[in-house]
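Remarks on the structure that follows.
In mature numbering (1 follows the signal peptide of the UniProt record, and there is no 0), the protein residues as written are -31 to -1, 1 to 577.
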């Protein structure tokens, strides 16, 4: 008992090391990592240090984000961004994933979103002894004629163990009585086939029944065993065994064949009479998957479809059919069912990483999205052609295997298009082709690349003299095609001088509206026009600006009376005042003719 306890402890240690310690061999060539873990690890178990193996900084992984994606419908692995570890996302059953395969490989990709990079990871799932050898039927009844000679052999049911290598089925043992022994034959495919051997002549009158126990053992530590009971009924003589019309029955069916269809029929004949010639059919060593898909009619030998076929899950099935008569004699044949592909899967488009916005000054070739495209069909049905919708400044570039990068094809201009809905289309090579699409929404961010533009190339206005201070002269307007702060326009007066004084003492411009105001009352007789420049400047960094010329004409008003310059007013050496009447005396000769010049009066008016 102590030795057994020590062996159990050693097994536990080895199991613990197997679950916690990974095979340290990995390859980083071409961005691919390789790890190895045993099956049935609990969720969250350590697989590998991808951050260390790929020389990625943990801060980058944590800040920019990383995730693991698999090509199948289920995700078996995840990444801890804080630690950079690849861990299991759920328990992994090797026999469920890789049935009948010696090497079980799961492939996934690590997508580093901030860097738009993807790395291929390959994880080998190693076998543990987690499956017990099981028989398709727990009890078998054999009917053997008492006339059978010593040494006769009877095929027994085989046990099925989903494990591989030493953990798989290794041996059979028989217990019961002295009439039978067990012989295990190795088939051409390496399978162990148990046969019951008659070791002593039967005597129905002495013993009509024999109860035997068949035990199947695997090579695990500790070994797992499965049993089946065999009941031998001794019958009278039956000298003809059933015989199949052919050794192998083959058929090819499309994967969309309707459930309930008859796929093929097997036929065996027995020349005996009565129950000895009554042939029944059965399937031997049927896997759990095949058991849910196929049904053999025991009386007719017709194999019918119970469940849906899927070429992407299984491309062929090998069934072993047995025909046995009422006397226990039998014959075996194989039924080979090949599944052909039908274009029943549309391409699948997965957006692994994408930007939601991009600056309009981004250089051509900037990656805006990383998409994965696959089709689960095979051959031409699985060949996928990808394209983008028309009229967008983007193009597709192949990144890795079935990955594509969506990149800018030319410079963007937000003023022409502020956002894009980029449609990624995929079509397979089937006839008719199946198609799918995905839409990427992308907003274009503004860059200050447009200067303000005035509504008019030149402005002019007329202002009557003697205007009120603060009077509105005119309003200049400029628009900016940019957005937000880059499109916010402010106005200011460009410096200049008039009659020795700065222009800003004559007029001002309102910064927000562009309204130009007179700061003083103008006198046409002093200033008849002003030439000035107004600058419009946006809010970008650095700001862009433009200038416009403004001409202000002062309109004359009749605010000056005429002045008489000659003859001078009496008592003054100057002409008479404004609006005065000359009252001087001029002498004319008595002989002056009508129309003769008597005197000349000179007057001026300052108005225009």
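C-beta: ideal position from N, C-alpha, C; glycine also.
Keep in mind it's a predicted model, so treat the numbers as computed, not measured.
- In the DSSP secondary-structure assignment, residue 502 is bridged to 518.
- For residue 22, the uninterrupted alpha helix (DSSP H) segment begins and ends at 19 to 22.
- Within the DSSP secondary-structure output, residue 289 pairs in a beta bridge with 253 and 303.
- For residue 103, the three-state secondary structure derived from DSSP is strand.
- For residue 532, the pairing in a beta bridge is given by DSSP as 573.
- The beta carbons of residue 59 and residue 8 sit no closer together than 9 Å.
- According to DSSP, residue pairing for residue 363 in a beta bridge involves 377.
- Here residue 457 has 507 and 508 as same chain residues with Cβ atoms under 7 Å from its own Cβ, once five neighbours each way along the sequence are excluded.
- Pairing residue 183 with residue 126 gives a Cβ-Cβ distance under 9 Å.
- The alpha-carbon separation between residue 443 and residue 465 amounts to approximately 19 Å.
- At a Cβ-Cβ threshold of 9 Å, residue 211 and residue 237 count as neighbours.
- By the CB criterion at 9 Å, residue 201 and residue 214 fall outside the cutoff.
- Residue 270 carries a coil assignment under DSSP once its states are collapsed to helix, strand and coil.
- In the DSSP assignment, residue 444 forms a beta bridge with 484.
- The three-state reading of DSSP puts residue 470 in strand, counting E and B together.
- Taking one beta carbon from each stretch, the region 561 to 576 and the region 463 to 483 have fewer than 3 pairs nearer than 8 Å; the two do not touch.
- The beta carbons of residue 251 and residue 265 sit closer together than 9 Å.
- In the displayed model, residue 32 falls within a helix according to three-state DSSP.
- An exposed status is given to residue 441, since fewer than 16 other beta-carbon atoms sit within 10 Å of its beta-carbon.
- Here the alpha carbons of residue 168 and residue 120 stand approximately 6 Å from one another.
- Residue 222 is a Cβ neighbour of residue 278, given a cutoff of 9 Å.
- Nearest Cα to residue 85 within the set 374, 327 and 73: 374.
- Boundaries of the alpha helix (DSSP H) harbouring residue 63: 63 to 66, taken from the DSSP string.
- Considering only 311, 387 and 404, the residue with the shortest C-alpha distance to residue 342 is 404.
- Across the structure, residue 128 and residue 104 are spaced so that their CA atoms are roughly 4 Å apart.
- Rounded to whole angstroms, residue 431 and residue 451 show a C-alpha spacing of 33 Å.
- Shown here, residue 264 sits in a strand according to DSSP, grouped into three states.
- In the structure shown, residue 195 falls within a strand segment according to DSSP collapsed to helix, strand and coil.
- Going by beta carbons, residue 468 and residue 495 fall inside the 9 Å limit.
- Judged by their CB atoms, residue 242 and residue 248 are not nearer to each other than the 9 Å cut-off.
- Under the criterion of beta carbons closer than 8 Å, residue 73 and residue 94 qualify as touching, at roughly 4 Å.
- By the criterion of at least three beta-carbon pairs nearer than 8 Å, the region 341 to 358 is not in contact with the region 254 to 265.
- In the structure shown, the three-state DSSP call for residue 231 is strand.
- Here residue 394 is bridged, per DSSP, to 356 and 406.
- In the DSSP assignment, residue 322 forms a beta bridge with 339.
- Setting aside the 5 residues that flank it on each side, residue 324 is surrounded in the same chain by 337, each with a C-beta closer than 6 Å to its C-beta; the list follows chain order.
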